[in-house]
Amino acid sequence: MRKATAMANANIALAKYWGKRAYAGNYPAVPSLSVALDALETTTTVLFDESLSCDQFALDGVEQNGKTLDRVVALLDRVRVAMASPCFARVESANNFPTASGLASSASGFAALAGAAVRAAGLDYDLSRVSDLARRSSASAARSIYGGYVSLLAGPKEATDVVLAAEPVAAHDALDLRVLVCVVTEAKKSIGSTDAMRRTAAESPFYAAWLAVAPMQYASMRESLMRRDFEDVASRAEASALAMHASAFAAGIVYGSEATFALMTKVRELRARGVAAFATMDAGPHVKVLVQTLDVSRVRAELEGSAIRVIEAAPSSDGVRVYGPEGAR
Ligand code: 2P0
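Residues 1 to 329 in my numbering are what the sequence shown lists, from first letter to last.
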């Protein structure tokens, strides 16, 4: 038996990833740029155990099956290919934020799973191989292997099976940034991002426009980040989210709810009053508001009425942390 534990933080994309290359391997069709968040964290333990007759996965104490289990098994299968004496594993994972709230947990979840599985399997992988392994399960998870500001490039245009890992691009303190995560519902999201991306690519009249604009938005944002220009990065983040959602919207994928639009309106009103606040949304109705430290209290006070809960997060310097193995024999 070999056991290892890993912790990873969630990240939010400032320049969004949306869409995959048509060939296998879960390669993104566009580059993305994210920041790791200190407040949202997953801890995962992997125990490879010769006595097990199948893989087991418990999330926040609840045994999982179906698609949720299948995605974990798929990652373990990739690890087992490289193991000297492969066997099944028990995986236990816990989020320090409510999983049912619909906040993205696949980024921190698959990053922690990849880190723990590789270590428990006794594989000598560097961080880019761990990031590549995480990407194959969930592209945003590749970015949670590193702290601070992180990029993940698009996959090559032609079908391939190369290593594609995220890369750190700036330290966590490159900007004076705080993220106010406005939770608007406890319900699970309506459509998973993998399916939603597939539908956007197949049905959105604006998908081609998204593919054309996203790399330019990414490049400009990276330059703004290098100049440490909060307002430029944050306003470009809002533009990236709007372009991504516009492409999905045109395929009938509407992640926003009334509360989402109320919060977006609030953020616009704040800006009209001279407050540098910018909104970004992922594959769900929650709104993440980007502000500077000085503005946290007053922006938070304005947003609280339109959200169930506001979680304040700061950029984290932490990438994946791996402990173990224990019980090696
Ligand atoms: C992102 N999202 O860049 C974008 C923005 C949501 C909106 O990556 O299909 O779970 O597993 O590779 O990473 C969420 O999708 O997708 C996501 P898969 P993932 O953060």
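All C-beta atoms in this analysis are idealised placements derived from N, C-alpha and C, irrespective of residue type, glycine included.
By DSSP, does residue i sit in helix, in strand, or in coil?
| i | result |
| --- | --- |
| R321 | strand |
| R21 | coil |
| L69 | helix |
| P168 | strand |
| D38 | strand |
| T280 | strand |
| M7 | strand |
| R227 | coil |
| S247 | helix |
| V162 | coil |
| K266 | helix |
| Q292 | coil |
| T260 | helix |
| V81 | helix |
| S138 | coil |
| Y255 | coil |
| S151 | strand |
| F110 | helix |
| P215 | helix |
| R329 | With a pLDDT of 40 at R329, under the threshold of 50, the modelled position of that residue is not reliable, and no figure is offered here. |
One question on the structure: do residue i and residue j come within less than 8 Å of each other, judged by their Cβ atoms?
| i | j | result |
| --- | --- | --- |
| Y17 | S140 | yes |
| T5 | T45 | yes |
| L177 | L290 | yes |
| L75 | A117 | yes |
| M1 | F57 | no |
| A132 | A142 | Sequence check: residue 132 is Asp here, not Ala. Contact flag set, yes. |
| Q292 | A15 | no |
| R321 | M7 | yes |
| R228 | L294 | no |
| S247 | R236 | no |
| R129 | N26 | no |
| P215 | P31 | yes |
| A313 | V179 | yes |
| R90 | L52 | yes |
| S106 | S138 | yes |
Taking all protein chains shown into account, do 16 or more other C-beta atoms lie within 10 angstroms of the C-beta of residue i, making it buried, or fewer, making it exposed?
| i | result |
| --- | --- |
| K3 | buried |
| S297 | exposed |
| I308 | exposed |
| E302 | buried |
| M226 | exposed |
| A328 | Summary for A328: the model assigns pLDDT 47, below 50, so the residue's position carries little reliability; its value from the coordinates is reported in the next sentence. A328 is exposed by the Cβ-count criterion. |
| P28 | buried |
| E326 | exposed |
| P315 | buried |
| G284 | buried |
| A212 | exposed |
| N9 | buried |
| V183 | buried |
| G61 | exposed |
| A159 | exposed |
| A219 | exposed |
| F110 | buried |
| V233 | buried |
| D55 | buried |
| V162 | exposed |
| G147 | buried |
Rounded to the nearest angstrom, how far is the Cβ of residue i from that of residue j, given a contact under 8 Å?
| i | j | result |
| --- | --- | --- |
| F230 | A276 | 7 Å |
| V79 | A121 | 5 Å |
| I253 | I191 | 6 Å |
| D318 | I12 | Rounded, the Cβ-Cβ distance is 15 Å, inconsistent with contact. |
| Y207 | L33 | That pair is no contact at about 20 Å. |
| A114 | A94 | Between A94 and A114 the Cβ distance is about 16 Å, and since that is not below 8 Å, they are no contact. |
| A112 | T42 | 5 Å |
| G66 | A201 | Between A201 and G66 the Cβ distance is about 25 Å, and since that is not below 8 Å, they are no contact. |
| R300 | V287 | That pair is no contact at about 13 Å. |
So which residues touch the region around the ligand 2P0, with touch meaning a C-beta under 5 Å from any heavy atom? Cβ atoms closer than 5 Å to the ligand 2P0 belong to A13, K16, Y17, S32, S106, S138, A139, S140, S193, T194, D282 and A283.
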